[in-house]
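The next block holds one structure in the form of structure tokens; read it before the comments.
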Amino acid sequence: MRSAALTGGARPIAAGCQLTIAADIRHYVPGAVTDRSRHINPRHTAIKHDHDVPAVGNIEITNQIFGLSETEPGTFLYYSPFDGILGLAFPSMASSQATPVFDNMWSQGLIPQNLFSVYLSSQGESGSFVLFGGVDTSYYSGSLNWIPLTAETYWQITVDSISINGQTIACSGSCQAIVDTGTSLLAGPSNDIANIQYYIGASQDSNGQYVIACNNISNMPTIIITINGMEFPLPANAYVRQGEEGCSSGFQSMNLPTNSGDLWILGDIFIREYYVVFDRANNYVALAPIA
1 MRSAALTGGA RPIAAGCQLT IAADIRHYVP GAVTDRSRHI NPRHTAIKHD HDVPAVGNIE
61 ITNQIFGLSE TEPGTFLYYS PFDGILGLAF PSMASSQATP VFDNMWSQGL IPQNLFSVYL
121 SSQGESGSFV LFGGVDTSYY SGSLNWIPLT AETYWQITVD SISINGQTIA CSGSCQAIVD
181 TGTSLLAGPS NDIANIQYYI GASQDSNGQY VIACNNISNM PTIIITINGM EFPLPANAYV
241 RQGEEGCSSG FQSMNLPTNS GDLWILGDIF IREYYVVFDR ANNYVALAPI A
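Quick note on full-length UniProt numbering: the sequence shown kicks off at 1 and runs consecutively.
Written as structure tokens, this is what we have:
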């Protein structure tokens, strides 16, 4: 069985009430992650729980509670190349007090370090992976930049600003964001996203999608996302989605109000540019440019 590893959820879910999860997550293929333009919310499914000994690559986790989906909203699981969801957020996000897979890996002594790292290939399904218990230095250049978490729910951090050519165009005065492999685009509050669409020259078509002239990508600005005082550039060829039917913006309006303000989601268009380490031992995320 193939699972999509999502840092925005905590529990494992298997579709169709299958009782055995066997997924090669060391080199997992996030096919649906590359194609979806929305955030998966397993809480909208009808779930029952069971126990099993799932195998993640060559790691077997004993007495793992996981959810069995009896019904799913829409058709995304029907058309997706994965059979289930492997939640990698904090235990506070899990339902029914279930201990997430990663926490059981660590408590059962199955991995050498209390962290995992993610590499998303720019080649679609080829080469992407989650590495449990370690960091592969061959996949990034320079040094890892360590960013403290602001909550132990999602992998939530503070973003200082989003700018173009030194001018702040969104997230003025800082904002909260989550690093989420389960969201394909970069999502944020509607007003800020509309501002970004304006500055990159995206226009809305009759279907409400923000489209871009493909022949203009080389002239489009680099967007700078400043986090913990460090600048993380996002060039146009990263934030423009290029397909057979044309080009569209990789920015999406999604209003997610919290006590600390509207959440942003740094999804796959951001993660493909940066190797990400999710450090549970110290409650940090680390980023470095992909090699």
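The C-beta atom is built at its ideal place from N, Cα and C for all residues, glycine as well.
Practice problem: May I ask you to report which of helix, strand or coil DSSP gives A14? | Solution: Confidence is the limiting factor: at A14 the pLDDT is only 41, short of 50, which leaves the residue's position unreliable, though a coordinate-based value still follows. Strand, per DSSP.
Quiz item: Taking one C-beta from the stretch 209-217 and one from the stretch 170-177 each time, how about it: are there three or more such pairs within less than 8 Å?
Solution: With fewer than three CB-CB distances shorter than 8 Å, the stretch 209-217 does not count as touching the stretch 170-177.
Practice problem: With Y239 as the anchor, note down where its alpha helix (DSSP H) starts and where it stops. | Solution: First-last of the alpha helix (DSSP H) with Y239: 236-239.
Exercise. Please classify G229: is it buried, with 16 or more other beta-carbons within 10 angstroms of its beta-carbon, or exposed?
Key: Its Cβ having fewer than 16 others within 10 Å, G229 is exposed.
Quiz prompt | Other residues of its chain near T62: CB distance less than 7 Å, five sequence neighbours each side excluded | solution = Excluding its 5 nearest sequence neighbours in each direction, T62 has C-beta neighbours in its own chain below 7 Å: V53, Q108, listed in chain order.
Quiz item: Which runs of the alpha helix (DSSP H) spanning at least 4 residues fall entirely within the stretch 179-212, listed in chain order?
Solution: Listed in chain order, the complete alpha helix (DSSP H) runs (minimum 4 residues) inside the stretch 179-212 are 190-200.
Practice problem: Please list, in chain order, all residues of the same chain as T222 whose beta carbon is under 8 Å from its beta carbon, the five residues on each side excluded. | Solution: Exclusion of the five residues before and after T222 leaves I164, P233, L234, P235, A236 as the residues of its chain whose Cβ lies within less than 8 Å of its Cβ.
Self-check item: Segment limits, beta strand (DSSP E) that includes S117
Solution: S117 -> beta strand (DSSP E) spans 115-119.
Quiz item: With S117 and Y284 assumed to form a contact (beta carbons below 8 Å), what rounded beta-carbon distance in angstroms separates them?
Solution: In fact, because the Cβ distance is near 12 Å, the residues do not count as touching under 8 Å.
Quiz prompt | A288 vs L144 beta-carbon contact at 8 Å | solution = Yes, they are a contact pair.
Quiz item: Is it right to say residue 292 is buried, meaning 16 or more other beta carbons lie within 10 angstroms of its own, or is it exposed?
Solution: No statement about residue 292 is possible, as the shown extent of the chain runs from 1 to 291 and does not include it.
Quiz prompt | Simplified DSSP assignment, three categories, for C214 | solution = C214: helix per DSSP, three-state reduction.
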